[in-house]
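Residue numbers (my numbering): 1 to 283.
Just so it is clear, CB atoms sit at the ideal spot from N, CA and C, and this is done for glycine as well.
Only one structure is covered here, and it is reproduced in the block below.
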């Protein structure tokens, strides 16, 4: 299959209309229809159920839509990484969530910069979920991710730091005087729902909690008494007197990992990972 055919098919599968897909691709409709028919003949399957007024994806078409998106994203990422590798001077692009693992990041950058052969580091500060997306799309070379918040399937990772989660809520809330809370209690606090963060596709999960885009917005919502939040302990310790921070012993631990593409051949990325392991493993 050619990438051109995959782009054509994705457009038709997403629009479910040949005319709109052709406009989106800026081509005429006849060659688009012929390209999809040729793709079906080559695969030996029917990808689209063509009705008199509507079209729909077959089961095979649904599978190809998913696989085509993955393949096209991989091609685009390869193009970005190739161009970046040829840039002069070369810079390692390190993606991390703004506010997360600040002390860890600062120590890592200082330690790595002490090596005379170290490459320049470009730090990309992002919102929740964005470091992973930047890494997978080829816009970042390496990322600091946090489990269980981020997904690392298909990436190489090394664990750097483990910490507990804490509950952050307004200092004036009646529960602020408690020594600790269980995860069950956290999920059922009246009037203080947990926030909803966007997923990899930008959509928000169903729920009663407010939609949150970044850490600054979350902290303001907590101060206003509109939400509570489970956060890494290191983030909780940076807050002021307007907030109460309570341990949640049975919440999953937060593991900060350094992640990079499994097929990466970058010597600079390997050196940065090695520096991180020396610094945080004590070796």
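Taking 6 Å as the limit between beta carbons, can you name the residues of its chain near residue i, skipping five residues before and five after?
i: residue 91; result: 120, 122
i: residue 137; result: 77
i: residue 204; result: 196, 198, 211
i: residue 283; result: Caution applies to residue 283, whose pLDDT of 40 falls short of 50 and renders its modelled position unreliable; the model cannot decide the point.
i: residue 194; result: 209
i: residue 281; result: none
i: residue 150; result: 132
i: residue 181; result: 167, 246, 248
Can you tell me which of the three DSSP states residue i falls into?
i: residue 283; result: Low confidence applies here, because residue 283 scores a pLDDT of 40, under 50, leaving its location unreliable and the question unanswered by this model.
i: residue 146; result: strand
i: residue 204; result: coil
i: residue 161; result: strand
i: residue 255; result: strand
i: residue 89; result: coil
i: residue 295; result: For residue 295 there is no data in the structure shown, the boundaries of the chain being 1 and 283.
i: residue 52; result: coil
i: residue 198; result: coil
i: residue 219; result: helix
i: residue 189; result: coil
i: residue 31; result: helix
i: residue 261; result: strand
i: residue 151; result: coil
Is the distance from the Cβ of residue i to the Cβ of residue j below 8 Å?
i: residue 85; j: residue 259; result: no
i: residue 244; j: residue 171; result: yes
i: residue 28; j: residue 18; result: no
i: residue 160; j: residue 276; result: yes
i: residue 178; j: residue 134; result: no
i: residue 145; j: residue 131; result: yes
i: residue 52; j: residue 16; result: no
i: residue 248; j: residue 183; result: yes
i: residue 101; j: residue 215; result: no
i: residue 75; j: residue 3; result: yes
i: residue 218; j: residue 192; result: no
Excluding the 5 residues flanking residue i on each side, which residues of the same chain have their C-beta closer than 7 Å to its C-beta?
i: residue 61; result: 13, 47, 48
i: residue 299; result: As shown, the chain starts at 1 and ends at 283. That puts residue 299 outside it, with no answer to give.
i: residue 279; result: 107, 108, 111
i: residue 68; result: 6, 9, 10
i: residue 65; result: 10, 13, 57
i: residue 71; result: 6
i: residue 38; result: none
i: residue 21; result: 11, 12, 15, 32
i: residue 148; result: 252
At what residues does the alpha helix (DSSP H) containing residue i begin and finish?
i: residue 8; result: 3-15
i: residue 98; result: Where residue 98 is concerned, there is no enclosing alpha helix (DSSP H), given that its DSSP letter is neither H nor E.
i: residue 184; result: 183-186
i: residue 212; result: Premise fails: residue 212 is in no alpha helix (DSSP H) and is neither H nor E.
i: residue 46; result: Taken as a continuous stretch (DSSP letters only), residue 46 belongs to no alpha helix (DSSP H), as it is neither H nor E.
i: residue 235; result: 233-236
Might you give, ordered along the chain, the residues of its own chain that have their beta carbon closer than 8 Å to the beta carbon of residue i, omitting 5 neighbours on each side?
i: residue 269; result: 92, 141, 142, 260
i: residue 221; result: 195, 210, 212, 227
i: residue 262; result: 154, 155, 156
i: residue 103; result: 234
i: residue 241; result: 171
i: residue 96; result: 105, 123, 124, 125, 126, 131, 143, 144
For the beta strand (DSSP E) that residue i lies in, which residues bound it at each end?
i: residue 25; result: Segment 18-25 is the alpha helix (DSSP H) holding residue 25; no beta strand (DSSP E) there.
i: residue 124; result: 120-126
i: residue 247; result: 243-247
Review point. Using 8 Å as the threshold, is the region 223-235 in touch with the region 107-118, meaning 3 or more CB pairs across them?
Key: Short answer: they don't touch.
Practice item. Report yes or no: do the region 243-253 and the region 163-177 share at least 3 C-beta pairs separated by less than 8 Å? Key: Flag = yes, the region 243-253 and the region 163-177 touch.
Practice item. Take every Cβ of the region 143-161, pair it with every Cβ of the region 216-227, and state whether three or more of those distances are shorter than 8 Å. Key: No, the region 143-161 is not in contact with the region 216-227.
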